[in-house]
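Trainee: Questions regarding the structure given below will be posed in turn.
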Amino acid sequence: MIRFFTIHKPPGVPHLALKLLHAVGIANGETFSHRFTAVYLLFIFIVAIPKLFCGYTSFEASVVGLAELFFQLNNFTGLLLVLVSSKQLQCLVRVGQTIADEVFQCAQTDMRQLLTSHHKRMHTWTRYYCLVILYTVSIFATAPICATFWSYVRAAHRNTTAQYVLHMEEDFYGLQIRSSLRSYLMFAIPMVPTSYVCAYVGCAKIMIVFNFTSYCTVYFRLVALQLQYQTRTVPSDRDSIRTIVAMHQQALCCADLLETIVSPIMLMQIVLCVLMSSSMVLYFTFPTMSGHMINVLLLFLVVSTETFGYCYLGTQLSMESARIAYAVYNGKWEQQPREIAKHLQLILLRAQKPIGITAGKFCFINMEQFAKLLKTTYSVFILLRDLL
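Just so we're aligned, residue 1 is where the sequence shown starts under my numbering, counting upward by one.
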């Protein structure tokens, strides 16, 4: 495990997040689609088909089952969209590494320290997140089986009915998984590796979006920092200004590539987040309490936190890109020589374009959109409650 998290590569791009993609079919400039095909087929046959076609024991169980299905569908299809955009992802990695190489070639210690510290921080956060997910899914995968065996042994001694604890709320191809130990094991044994696969896919998808959005934000921050450094004096160095123009264009290219990759993922995230959150809130209104309440609460917290993180990072990206224009204004560009002023005007013109991540090109993902999302979720919940 330590070897997996140890990466001896220069800062500049999220190497650990890219390494997470390697196991599911995207790595080193090549796409191994057969790997992800196997992963997606596992999701379809173990999770999707049973939840859609095998029925539920009650209406409350159907709400839980569909919420779990939406959650897993969001993760697996999100990573599938990353696989489809693998060429854009490879281009994003190349351009990002080019920016990093230019930063380490310049004489500014502040820029090198900024990129290095950010790289270490993101690597540490990604590693800790992966470990938390690993330990959590280990408990999630084994606890239902242990609880079922304990209930089965105790029921045998007390001549009572055993309680079979399921990993997910679903029936499994007609097997009596709620009353027969043999049928339960036929369901639980494949659910153990499926739980790990689901956790891995969700972790990889979240880390790719979080890491690359954060790195694109830092690219703009580096451009602003270099602008502030080079425009302190009049006249500024001509070659340095040209380098800044090129770096700003590369940062814009990274943002455009990120937008191409993330836009369909965010659209699906917004739609499924509303469906999942409204159905989970509806479940909390049921008078009957069951063991699935904790699972539903955890899913609700995970979905809400994930969406909040996307909106927060989207806001940070938009703010850092807009600060490029402020850096040009504060650099007394009108007092610079004509040729240098033209370069600064070009940066200023490019900085006028709104930068961020969108949901299918319909709306920007930011904190304002998160507030609207909460209102939409509540409206859908009211509609479902009135209909039911």
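Ideal Cβ positions, reconstructed from N, Cα and C, are used throughout, including at glycine. Keep in mind the model is a prediction, meaning the values are calculated, not measured.
Can you check whether the CB of F43 is closer than 9 Å to the CB of C203?
Mentor: Within the sequence shown, the letter at position 203 stands for residue 203. Within the sequence shown, the letter at position 43 stands for residue 43. Not in contact: C203 and F43 (Cβ atoms no closer than 9 Å).
Trainee: Short check: CB of L272 to CB of F70, under 9 Å?
Mentor: Locating residue 272 in the sequence shown gives position 272, where the first residue counts as 1. Locating residue 70 in the sequence shown gives position 70, where the first residue counts as 1. Their beta carbons are under 9 Å apart, which means L272 touches F70 by this criterion.
Trainee: The alpha helix (DSSP H) that contains N75, what's its start and end?
Mentor: Your numbering for residue 75 matches position 75 in the sequence shown. N75 -> alpha helix (DSSP H) spans 59-84.
Trainee: In the DSSP assignment, what residue or residues form a beta bridge with L175?
Mentor: Along the sequence shown, read from residue 1 onward, the residue named residue 175 stands at position 175. Beta-bridge pairing links L175 to F172.
Trainee: Would DSSP call F149 helix, strand or coil?
Mentor: What you label residue 149 is simply residue 149 of the sequence shown in a count that begins at 1. Reduced to three states, the DSSP call for F149 is helix.
Trainee: Comparing alpha-carbon positions, which option in Q269, S304, T217 lies nearest G78?
Mentor: The sequence position of residue 78 within the sequence shown is 78, counting from 1. Checked all of Q269, S304, T217; the closest Cα to G78 is Q269.
Trainee: In three-state terms, what does DSSP make of I355?
Mentor: Within the sequence shown, residue 355 is the residue found at index 355, counting from 1. In the structure shown, I355 sits in coil (DSSP, three-state: anything other than H, G, I, E or B).
Trainee: Could you tell me the alpha carbon to alpha carbon distance between H123 and Y219, rounded to whole angstroms?
Mentor: The residue labelled residue 123 in the question sits at position 123 within the sequence shown. The residue labelled residue 219 in the question sits at position 219 within the sequence shown. So the alpha carbons of these two residues sit roughly 17 Å apart.
Trainee: Rounded to whole angstroms, what is the Cα-Cα separation between A396 and M280?
Mentor: This structure cannot settle anything about residue 396, because the visible part of the chain is limited to 1 through 388.
Trainee: Which residue's Cα is closest to the Cα of I261: K205, A162, C146, P11?
Mentor: Working through the sequence shown from its first residue, we reach residue 261 at position 261. The candidate whose alpha carbon is nearest that of I261 is K205.
Trainee: Would you be able to state if there are at least three C-beta pairs under 8 Å between the stretch 56-72 and the stretch 154-173?
Mentor: Short answer: they touch.
Trainee: Since L166 and F212 should fall inside the 8 Å C-beta cutoff, what is the C-beta to C-beta distance between them, to a whole number of angstroms?
Mentor: In the sequence shown, the residue the question calls residue 166 occupies position 166. In the sequence shown, the residue the question calls residue 212 occupies position 212. About 36 Å; that fails the 8 Å criterion.
Trainee: Can you give the beta carbon distance from F284 to F370, rounded, assuming they're within the 8 Å contact cut?
Mentor: Counting from one through the sequence shown, the residue named residue 284 turns up at place 284. Counting from one through the sequence shown, the residue named residue 370 turns up at place 370. Actually they do not touch by this definition, with Cβ atoms about 21 Å apart.
Trainee: Please report the Cβ distance between Q226 and M111, rounded to the nearest whole angstrom; I am assuming they are in contact, meaning their Cβ atoms lie under 8 Å.
Mentor: Here residue 226 corresponds to residue number 226 of the sequence shown, with the count starting at 1. Here residue 111 corresponds to residue number 111 of the sequence shown, with the count starting at 1. That belief holds up - the Cβ atoms of Q226 and M111 are roughly 6 Å apart, short of 8 Å.
Trainee: CB-CB under 8 Å to R385, same chain, minus the five flanking residues each way: which ones, in chain order?
Mentor: Residue numbering aside, residue 385 sits at position 385 when the sequence shown is read from its first letter. Hits under 8 Å: L282, T285.
Trainee: Measure the alpha-carbon distance for F104 versus A255 and round it to whole angstroms.
Mentor: Counting from one through the sequence shown, the residue named residue 104 turns up at place 104. Counting from one through the sequence shown, the residue named residue 255 turns up at place 255. Rounded to whole angstroms, F104 to A255 spans 21 Å at the Cα level.
Trainee: Output the boundary residues of the alpha helix (DSSP H) element that contains I206.
Mentor: As a position in the sequence shown, residue 206 is number 206, starting the count at 1. First-last of the alpha helix (DSSP H) with I206: 181-230.
Trainee: Report yes or no: do the stretch 6-25 and the stretch 113-123 share at least 3 C-beta pairs separated by less than 8 Å?
Mentor: With a cut-off of 8 Å, the stretch 113-123 and the stretch 6-25 count as touching, because enough Cβ pairs lie within range.
Trainee: Starting from P50, trace the alpha helix (DSSP H) in both directions and tell me its first and last residue.
Mentor: Along the sequence shown, one-based indexing puts residue 50 at 50. Taken as a continuous stretch (DSSP letters only), the alpha helix (DSSP H) holding P50 covers 49-53.
Trainee: At the level of alpha carbons, what is the spacing between V63 and L222?
Mentor: If you number the sequence shown from 1, residue 63 lands on position 63. If you number the sequence shown from 1, residue 222 lands on position 222. The alpha-carbon atoms of V63 and L222 are separated by roughly 47 Å.
Trainee: What is the DSSP secondary structure of I26, reduced to helix, strand or coil?
Mentor: Within the sequence shown, residue 26 is the residue found at index 26, counting from 1. Of the three classes helix, strand and coil, the one that applies to I26 here is strand, per DSSP.
Trainee: Please identify the residue among V328, R35, S379 whose C-alpha is closest to the C-alpha of L418.
Mentor: Residue 418 falls outside the range modelled here, since the chain spans only 1 to 388, and no answer is possible.
Trainee: Could you tell me which of N75, T376, L41 sits nearest to L299, measuring between CA atoms?
Mentor: Numbered from its first residue, the sequence shown carries residue 299 at position 299. The shortest Cα separation from L299 among N75, T376, L41 belongs to N75.
Trainee: From the DSSP output, in three-state form, read off F104 for me.
Mentor: Counted from its first residue, the sequence shown places residue 104 at position 104. Residue state, collapsed to three classes: helix.
Trainee: Of the choices Q230, D239, A100, whose alpha-carbon is the least far from that of L114?
Mentor: Residue 114 sits at position 114 when you count from the first residue of the sequence shown. Per the Cα distances, A100.
Trainee: Quick one: using the 10 Å Cβ neighbour count with 16 as the cut-off for buried, is V263 buried or exposed?
Mentor: One-based indexing of the sequence shown puts residue 263 at position 263. Val is not the amino acid found at residue 263; the sequence shown has Ser there. Result: buried.
Trainee: Determine which residues share a DSSP beta bridge with F364 and list them.
Mentor: Your numbering for residue 364 matches position 364 in the sequence shown. The partner list for F364 (beta bridge, DSSP) reads T358.
Trainee: Applying the criterion that 16 or more other CB atoms from any shown protein chain within 10 Å of the CB defines a buried residue, is H34 buried or exposed?
Mentor: Within the sequence shown, numbered from 1, the residue matching residue 34 stands at position 34. With fewer than 16 Cβ atoms within 10 Å of its Cβ, H34 is classed as exposed.
Trainee: Answer yes if the stretch 301-315 comes into contact with the stretch 353-372, meaning at least three C-beta pairs across the two stretches below 8 Å, and no otherwise.
Mentor: Segments in contact, yes.
Trainee: How is L344 classed by DSSP in three states: helix, strand or coil?
Mentor: If you number the sequence shown from 1, residue 344 lands on position 344. Helix, per DSSP.
Trainee: What is the rounded straight-line gap between the Cα of G25 and the Cα of L89?
Mentor: The sequence position of residue 25 within the sequence shown is 25, counting from 1. The sequence position of residue 89 within the sequence shown is 89, counting from 1. C-alpha separation (whole angstroms): 13 Å.
Trainee: Are the CB atoms of I357 and V328 within a distance shorter than 9 Å?
Mentor: Residue numbering aside, residue 328 sits at position 328 when the sequence shown is read from its first letter. Residue numbering aside, residue 357 sits at position 357 when the sequence shown is read from its first letter. No, these two residues do not count as a Cβ contact at 9 Å.
Trainee: Helix, strand or coil for H119 per DSSP?
Mentor: Here residue 119 corresponds to residue number 119 of the sequence shown, with the count starting at 1. Helix.
Trainee: Going by other Cβ atoms of all chains shown within 10 Å of its Cβ, with 16 needed for buried, is E339 buried or exposed?
Mentor: Translated into positions along the sequence shown, residue 339 becomes position 339. Exposed, by the Cβ-count rule.
Trainee: In the structure shown, what three-state DSSP assignment does V380 receive?
Mentor: The sequence position of residue 380 within the sequence shown is 380, counting from 1. Three-state DSSP puts V380 in a helix.
Trainee: Among P50, F45, L21, A48, whose alpha-carbon lies nearest the alpha-carbon of F36?
Mentor: Here residue 36 refers to the residue found at position 36 when the sequence shown is read from its first residue. Checking every option, the nearest Cα to that of F36 belongs to L21.
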